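Structure first, then comments.
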Amino acid sequence: MTMRRSALCLLFGALLGCEPGSEPIEVLCGPFDYNPESKTAPDTEDFPKVSAVLERRCGTLDCHGTLARPLRIYGAGGLRFFTLEEYNDSGLAQENGTVSGGDGTTSEEHEANRRSLCGVEPELTGQVIRGELPPEELMVMKKPLQIERHKGGAVFQTGGPGAVCLSCWLRGFPDTVDCQDVVAQCEGAIRDNL
Amino acid sequence: MSRTLPALMAIVCTALGIGAVAACTDPLKDRKIAELGEEQDGFPEGPTHRPGQPCVLCHSDYFGAEPQMVLGGTVFVEPEEPGGPLLGAPGYQIRLLDSQGRITEEGLITTNECGNFWVTADQFTPAYPLRVELYGPSLTDADRTVQISAMSTRIGRDGSCGACHAEPLSPLSPGAIFIPRALFNADAVNLPAPGDCPTPRFRPTVTETITQ
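The listed protein sequences correspond, in order, to chains U and B.
So the number in our numbering is just where the residue sits in the first sequence, counting from 1, plus 4.
So the number in our numbering is just where the residue sits in the second sequence, counting from 1, plus 963.
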């Protein structure tokens, strides 16, 4: 902890919500050169399965598949991860398949979605990964479960495939009963089950 | 919808006083409405106006245009050549299925002579997300209605088809809603003659140039 932060905590501890002497919480979204061996950030290898759920349930162009909204979600059927040239030249985007409904979701889009998900509440996400908080404490779980107000309504049901898929990923796919069939849960959340 | 949208918005908001202040204070919506421009000459407001544009922006309790819609859009026939003129597809049908498994009371909603279709708030209050399917005459038997296509994604919250489906195809838009030429039964449909319908105008897919 820096001297400045310590001093602020001593002076305004109650107001700042920090305890004197506490360490700042590590931000665990991971850098772009994230090392999967470190286990300090949400898993990337299996994230495409989770990303597919987010793309399907959250990333439509009228919801989180838009540049204007937090928790931006990219995907083949929605907003594309485009270059500046592709944004300003739709012909180039069409040539490259970087159009909504074009080529499949790319690894760059998966990574952008992972960081987007983690970046909503990076400190709390880190605590979830370390097992210090249940995933349901995160806004990315509370909103789709409509525990917290969500303009898009209830996108997941408690215990449903979408919620299980995301929750298990956030916890690093633990060897627990609810996460045993997590791949099937993720795939189930993608299927049309309106 | 008025010919001079921005001016009408200002008048309505001023005239209605405090009540309207609450209803006309969303600068993002106001900007989107203003970007739609005025009615085209020879095509006053009505069921065939503004093909391709996001209907619910104005046909909503925010702007107050009647009828108030929960969903609206335009179906076109794929041009014979890329970039060719866009013609509305009359007589095609849309089926909505909401997340509670309900469909509109009428079942299928039919596009009008310029390809426009809509569902009013009185007809249906859907629970999002919505699945949308497109139906039309079979290629081999014009009297038989078959499914032409289904949206690969769902409508999450915006009933304006034109809010997402805009030309050109881009990283931010899947393009207009088309009946593919390969599935279009030209003998079964009376396409509008050029000039019978307004020229389609879409919401801007790129509203401003991004610079770095």
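Cβ coordinates follow ideal geometry from the N, Cα and C atoms, glycine included.
All values reported here derive from a predicted model rather than from experimental measurement.
Counting other Cβ atoms within 10 Å of its Cβ, V181 of chain U stays below 16 and is therefore classed as exposed.
Assignment of beta strand (DSSP E) within the region 1092-1139 of chain B, counting only whole runs of 3 or more residues, yields 1094-1100 and 1108-1113 in chain order. Of all residues in the region 66-93 of chain U, those with a C-beta nearer than 7 Å to a C-beta of chain B are D66, C67, G81, G82, L83, R84, F86, L88, E90, Y91 and N92, reading in chain order.
Counting the other Cβ atoms within 10 Å of the Cβ of Q1056 of chain B gives 16 or more, which makes it buried. Taken through DSSP and simplified to helix, strand or coil, Q131 of chain U comes out as helix. Within a 10 Å sphere around the beta-carbon of R60 of chain U sit 16 or more other beta-carbons, which makes this residue buried. Residues L142 and M143 of the same chain have their beta carbon placed closer than 7 Å to that of E125 of chain U, with the five preceding and five following residues left out of the count. Under the three-state reduction of DSSP, G95 of chain U is assigned to helix. Secondary-structure assignment with DSSP links T1083 of chain B through a beta bridge to B:M1032. The beta carbon of N1148 of chain B is closer than 8 Å to those of G1099, P1100, S1101, L1102 and A1105 in its chain, skipping five residues each way along the sequence. By the 16-neighbour rule on beta-carbons within 10 angstroms, L149 of chain U is buried. Taking 8 Å as the upper bound for CB-CB distance, G156 of chain U and R1058 of chain B are not in contact here, some 22 Å apart.
With a threshold of 8 Å between beta carbons, Q150 of chain U makes no contact with chain B. A direct Cα-Cα distance of roughly 27 Å separates V186 of chain U from G105 of chain U. Within chain B, no residue has its beta carbon less than 7 Å from that of S111 of chain U; the closest one is some 17 Å off. Straight-line spacing of the CA atoms in H114 of chain U and K992 of chain B works out to 31 Å. Beyond the five residues adjoining it in sequence on each side, Q189 of chain U comes within less than 6 Å, by CB distance, of P165, V168 and C169 in the same chain, given in chain order.
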